[in-house]
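Have a look at the structure below before the remarks.
Number of protein chains: 4
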Amino acid sequence: MADRLWDKALPLDEMVHQFTVGDDPEIDLEIMPYDIVGSAAHAIMLEKIGVLTSLERIELVRDLRELWEQAEVWALSISREQEDCHTALEALLTQRSEAGKKIHTGRSRNDQVTTAVRLWMRDALMGVTDKTLELAEIMLTFAREHESDFLPGYTHWRQAMPSSFGQWAGAYAEGLFEECEAAEGLWNRIDKNPLGGAAGFGVPLALDRDYTAELLGFTQVHVSPIDVQNSRGRHEAAFGHWLSSIGRTLEQLAWDLMLYSTEEFGYVRIPDEFTTGSSIMPQKRNPDVLELMRGRCRELRGTAATLDMIGSGLTSSYHRDYQFLKKPIIGMANQSAILLAIMARVVVKLDIRPDAARDRVSNDLWATQAAYDLASSGVPFREAYRTTAQRVIGGALEHPGEQQATHLGGLGDLGLERLAERAQAARTKLNEREQKLKMTMDHLWSFVN
Amino acid sequence: MADRLWDKALPLDEMVHQFTVGDDPEIDLEIMPYDIVGSAAHAIMLEKIGVLTSLERIELVRDLRELWEQAEVWALSISREQEDCHTALEALLTQRSEAGKKIHTGRSRNDQVTTAVRLWMRDALMGVTDKTLELAEIMLTFAREHESDFLPGYTHWRQAMPSSFGQWAGAYAEGLFEECEAAEGLWNRIDKNPLGGAAGFGVPLALDRDYTAELLGFTQVHVSPIDVQNSRGRHEAAFGHWLSSIGRTLEQLAWDLMLYSTEEFGYVRIPDEFTTGSSIMPQKRNPDVLELMRGRCRELRGTAATLDMIGSGLTSSYHRDYQFLKKPIIGMANQSAILLAIMARVVVKLDIRPDAARDRVSNDLWATQAAYDLASSGVPFREAYRTTAQRVIGGALEHPGEQQATHLGGLGDLGLERLAERAQAARTKLNEREQKLKMTMDHLWSFVN
Amino acid sequence: MADRLWDKALPLDEMVHQFTVGDDPEIDLEIMPYDIVGSAAHAIMLEKIGVLTSLERIELVRDLRELWEQAEVWALSISREQEDCHTALEALLTQRSEAGKKIHTGRSRNDQVTTAVRLWMRDALMGVTDKTLELAEIMLTFAREHESDFLPGYTHWRQAMPSSFGQWAGAYAEGLFEECEAAEGLWNRIDKNPLGGAAGFGVPLALDRDYTAELLGFTQVHVSPIDVQNSRGRHEAAFGHWLSSIGRTLEQLAWDLMLYSTEEFGYVRIPDEFTTGSSIMPQKRNPDVLELMRGRCRELRGTAATLDMIGSGLTSSYHRDYQFLKKPIIGMANQSAILLAIMARVVVKLDIRPDAARDRVSNDLWATQAAYDLASSGVPFREAYRTTAQRVIGGALEHPGEQQATHLGGLGDLGLERLAERAQAARTKLNEREQKLKMTMDHLWSFVN
Amino acid sequence: MADRLWDKALPLDEMVHQFTVGDDPEIDLEIMPYDIVGSAAHAIMLEKIGVLTSLERIELVRDLRELWEQAEVWALSISREQEDCHTALEALLTQRSEAGKKIHTGRSRNDQVTTAVRLWMRDALMGVTDKTLELAEIMLTFAREHESDFLPGYTHWRQAMPSSFGQWAGAYAEGLFEECEAAEGLWNRIDKNPLGGAAGFGVPLALDRDYTAELLGFTQVHVSPIDVQNSRGRHEAAFGHWLSSIGRTLEQLAWDLMLYSTEEFGYVRIPDEFTTGSSIMPQKRNPDVLELMRGRCRELRGTAATLDMIGSGLTSSYHRDYQFLKKPIIGMANQSAILLAIMARVVVKLDIRPDAARDRVSNDLWATQAAYDLASSGVPFREAYRTTAQRVIGGALEHPGEQQATHLGGLGDLGLERLAERAQAARTKLNEREQKLKMTMDHLWSFVN
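The listed protein sequences derive, respectively, from chains A, B, C and D.
Per numbering that gives the first Met the number 0, residue 0 is the first one in the first sequence, and the count goes up by one each step.
Per numbering that gives the first Met the number 0, residue 0 is the first one in the second sequence, and the count goes up by one each step.
Per numbering that gives the first Met the number 0, residue 0 is the first one in the third sequence, and the count goes up by one each step.
Per numbering that gives the first Met the number 0, residue 0 is the first one in the fourth sequence, and the count goes up by one each step.
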């Protein structure tokens, strides 16, 4: 049976062609709109430095804009003969105007693909940040609603101290905000215009790279053409590890929900929409969606490791290996967005079982509080602890009454306002960036005239 | 022979003790100074909220300061019975004053270790950033010195276009600056005060967490006690991947140097200090230091993956597994600093062989330039390319004369000034941060009175 | 632009359905023939224990055989509504006969998919072993042809001692044979019948698991139904790491060829079929296929790590996460087979440049030989070494004449006969296994009557 | 504070020395006995081919044997100046006899270290196999003792079907036996004599490599000197992944025990020896040892990935990077042995709570059995399933009485005898191997006369 898989008895040239093309015709549809945008900026700049006439620039930008609109709705396609979006785009342009033949002046495939991928990455970074922020905001809302619903707090998977659903959900809000704040480091990495780096050593033309930076909305120029190439793999790995860090938090949330929804814990109920029945037991609801989410989050970690491997361990400058960076990173970003969107819906629909959870917060869990109460009356803490311990063992520990963890983050003050402020700040920053890039795009396409 | 390794016939309790203690007594020496600093802030805050008297606070801060000075010069030790730096510290304090018994009020091991590790991480981040910047500056100096020394530019490991040692070194400068800029994301992650999170759910006392944040130089409070625990593993992984990204660039530089110093390429000579002879061939100089650097850089990637694995795939809140995060991340930071320091010394002493490199920049490598020259006289580029190609094949390509890649990053304008500005900006920012933290420490220790 | 990717505004049920189905409809086409084979064995056994009548069994086996023939030529399809091959198969069977409704008696999806995957894995293991052996044999032939073509031997990327193309190629033959020998460990893992494990705890029927083992060609029964489930992930990881070990060797071979074919080394010429031209330099031939192979080999390592992550860190028994193990392992096996097939074609067509290689084997490289010659005349080795060293430095080293490394593996006796014997043994074993399984299949389908 | 860590202001030569030496002086103590054994075989062979006199051989073997006895009890040491065990050994030999100066004739550091590591790996493989088998046997004993103690069987972390402690423990026995069976693949990899490969290209002497193979107990010669070097990294990775597969199973067992011992599940009690108390709650017993075991198992996976990275992505033949393979693989083997030993002790002392577990096997879990009972009376299974389902929902499902899963592996026949047979076979094979190698060693040291 084995040979059905691989012995396709392909002629050599066909085998080699298939191998070198790989998944590009499919994958490149994702970056094609960005390749078009990069091409428009390039054309506008070429006019500025006198390589194109104003008429040629207008023709090119007009055609590019039309193609962009099609690419945005996935209306373009790439044949296996064309191999990638760059050839497909050049063919489309050449077919539409004589000026199309000039679009490749002053650039190379190497800076062209890097530009397209970087523009995609910038959008993907904002897109995933948006989804991350969205889930964080949902967790915050959940926290507000369940601020005083008790939940046992666990350490070492053992009941430890009183906690609440609010405290639990607030943790995820803060953890996810952190990812948005950490995204700044990534933004710094990619907010640099690679266009003009050519094959990796520049090109004998007086390109105006500051101008294309402005047209594309980059704050600065990625100066070194060699480092433009060296950044391949480095950027994908950094982006991938950020996505896998988000995945880590999603996985943790999924774990919590799977544990808390077991028959044995019973603190939450996974909404039916996210479970499946068994083929044998009608009472059984399996948390498949959360299990698959856990699997996908682990896959994110693995794929980030793959990006690390493909894009490192090489000398400087361009190597063809970099072609294989595209699929994993695009897949990771899309997958992350889906996971965040699904988790947001799970949480919105989540049923909690406050009574079951509160019942599990037995008097013993208040031992710390009791010890502190005693200590606050002057007894040294280590002694207060021993006294309380004996009361626990003797079953004589009473509920200490009102919770006194009034410090920031404690049960008495979850600090949700502070977190809300951070949410607001992150949201504002993201909106401003999106607004600015929207204006950049409007400006770019204004060169159609 | 096998059993000599493992069948130590240890009594069970001893085996379990050794297993649970692990490498902590040794590793914790690295974080002990930070544990002391965190304890000082805690003590000062405890006075503010009325838990300690002013006298007790003075006693504690005085003892802590003395211990800190010893810890800074590795003069303290941790016994295997004490297991970790926290127990060792409490023992030292208790032994010195009655107030020592009160230092643990209002905190738990869980927030204590997180605080110590975070303070360490902040320092380590600044330390590695400093070393990275240093190497980047050295590369920049090297680039300036060799701005016009030709070097063949390679793509696909094939001679491609003219480049220069200056362009090559500038690439590494820019790549390393990027790491410094990316460090902002990490800084955002860790610039949050975890102290007061206690075991993971707060503590029944009105701790003033804003105050300890200020005392420790944190911009904000890590609000959620649960997320304080969830951040373990998340922070280490993020830090680890940043270090491995620096390692990726170092490895790339090492690869370049090893390739360029082969007998076959011969563009540089590795300084003797960094090579070893063979036991059999006197003419042979092996680039051992660079090979080992490559190995260490790969190890960095692997250890970052290990951190990913240890610190993820768990439910929320504290798990004992987190103990094993300390050794890898501390080892990685130290190793990275060493690698950066060694590479800086390699580059400073590097011999280049400008003649050998220039000779390899044959006329053929100027083909692109020739085609562009032709195109600039009005011939469409694709046609100019074909004409040039035929001249190359016919051996009739002449050196086109002066280089015209005058755009930013091209051979005619390496953009070293821009990179120098970025270096300056990064250096200034780092200095300000170090200055601010120095003042924070001075302020903290002023509570000795 | 960001939202074009993810905000598909899908209704929740559709989003969840797409998420849970994943790539199964496409991936499962690979394991569908194996699911059919497993089902046939199950049906035959059900008759044996009296659950099916002989007529029902005949109907089922007849239908399964027809479907198997179609599945083998990819003529079946799985709709997204059916989700996976198991539902598709049951639908096809039920549609064809009343007996189809009984095929699921005594089994569960959990053992069904494990059986299908294991049968696939057994075939894939033999298939990749075959390709590995094939490449090894080609290397051996190459070694024989170039037994006495000199090549400098390198250590630390520095010329070290005389070697030959034959010695170089023989190394790869031996390395690849090792993978075939190591495959025995994997074979031991998977040569166990999982069918009958049901959901993970068996089923209240007197299944004859020894009988299905025999029908499916397994040497033993995978006894524990819980371990049948626990083996998911464990087997994929083990298989994946074996594939990545083969990939490691392929990558090493690709590296050698890329280095030896640089203009600077120039010992081999990559056949044109495996290179591409540059868009700018006609003299340039880029080794794209080898670069892409290197990238794919690294991807293999990364994907093996992904399998490690998905399939571990869980409690025992079935988890839905295991669904995501299928795509990576199937992809890896197919990719490995392709890489081996392409490399075999590269080597067959490889041009070597014996003169260039021999010229690089300068007199200095014979220093070891000279020292040994001296030592053999009674001078202590350390002294002979020093004398030779001085002659090298003085440029007075002469070629020592005939090579004397006559030991096994040395230039005078490459040991190719021994390797050929191992090749023969491995080939014989593989053939026997294939033969035996072919007979097993014939026997299975004989139950059509 | 940062600079306390790295700015050691070391003189360059000292920094480079420390960097290149790394941890070798410490690590090499582990492989020193093996280096001694390899040296003895080499010396005996040198006499056979006439390089040493019989007297010299006797002197050398006598000294080596004495040193070996010391090395076995860790009585030798390696100074930082000596760098590694090879230099230390040569120094010791030279110091003891004139013949010591001749021991290095006909070998190189490269084959010497490979031989030592391989001999170590062979022992480590047997040692870990022994520990794995031991734990498997303990699980089997546990399974026999608790054959009929009910335990709910889980799928998707939801109660699914009746299972038993015996079925659960048997699964681990079988999973661990599989590792022993899989070890054969590894054995095939390493059962080849690398001695005589010299620096990677052989040596100009008529070494008798078959003879050293016999003296060292290898079945065959590792023929190709280049592949001897290429095997570095390949062998370590393969061994590492096998160890991490064992770790995967240990982690799974640890997860099960941690889950089953929660207050919420309560099926087992972790023995006190393996738990720690809380500093605040006397009723709390934390399963620290199991959590740390989980962390260590994950570390094993990470370290295996590190080995993958260090030892791949290189051209053929020797690179200095391989030095860094030693520490991780030795650490992994030792750690694995410790984890297996500790887990064995946990299981031996494990308390189960049969009543709590049985109570959780509610009537609903017998639904499958009930459906099958119904089906066995002639009702089609899909209909029987629906009827049973309605009885479950209506709460009318009665316990079906006696368990009928009498097939191999089912509750009625756990198949422990079969597993015991496999245990016996694996044990016998291991004993024979150990016996044979013991005799090999006796034979080797008999050359002392």
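Don't be surprised by glycine CBs; every beta carbon is placed ideally from N, CA and C.
Here the structure is a predicted model, which is why all the values come from computation and not from measurement.
Taking the continuous beta strand (DSSP E) assigned at residue i, which residues delimit it?
i	result
F149/A	F149 to T154
R157/C	R157 to S163
How about residue i: is its C-beta nearer than 7 Å to some C-beta of chain B?
i	result
N430/A	no
K437/C	no
Expressed to the nearest angstrom, what Euclidean distance is found between the alpha-carbon atoms of residue i and residue j?
i	j	result
S260/C	G409/B	29 Å
A304/A	G301/C	6 Å
M160/C	W365/C	6 Å
R108/A	G99/A	16 Å
A197/B	C296/A	29 Å
P151/A	L349/D	27 Å
V127/D	D412/C	37 Å
L436/B	F217/B	9 Å
I35/B	L415/A	31 Å
Name the residue from the options whose alpha carbon lies nearest to the alpha carbon of residue i.
i	options	result
D148/C	E136/C, T140/C, R157/C and F164/C	F164/C
T131/D	H240/D, R426/D, K348/D and I225/D	R426/D
D226/A	L242/B, L252/B, S38/B and P203/B	L252/B
With 7 Å set as the bound, which would you pick, yes or no: does the beta-carbon of residue i sit closer than that to a beta-carbon of chain D?
i	result
N448/A	no
N229/C	yes
L258/C	yes
H367/B	Going by the sequence as given, residue 367/B is Thr instead of His. So no, T367/B is outside the interface.
Would you check whether the ligand GTP has a heavy atom nearer than 6 Å to the C-beta of residue i?
i	result
R344/B	The ligand content of the structure shown is nil, which means the ligand GTP is not present either.
Taking the continuous alpha helix (DSSP H) assigned at residue i, which residues delimit it?
i	result
S107/A	Premise fails: S107/A is in no alpha helix (DSSP H) and is neither H nor E.
T211/D	R208 to L215
P32/A	D23 to K47
N362/D	First-last for N362/D: undefined, no H or E at that position.
Q322/A	From DSSP, Q322/A is part of no alpha helix (DSSP H); its letter is neither H nor E.
G195/A	Neither: G195/A is in no alpha helix (DSSP H) and is coded neither H nor E.
Can you check whether the C-beta of residue i is within less than 7 Å of a C-beta belonging to chain C?
i	result
G216/D	no
I225/D	yes
A304/A	yes
Return the bridge partner residues of residue i from the DSSP annotation.
i	result
V128/B	At residue 128/B the sequence reads Thr, which differs from the Val that was named. According to DSSP, T128/B bridges with nothing at all.
G276/C	R284/C
Q219/D	K191/D
Consider the Cβ of residue i: report whether some Cβ of chain A lies at a distance smaller than 7 Å.
i	result
M160/B	yes
H442/C	no
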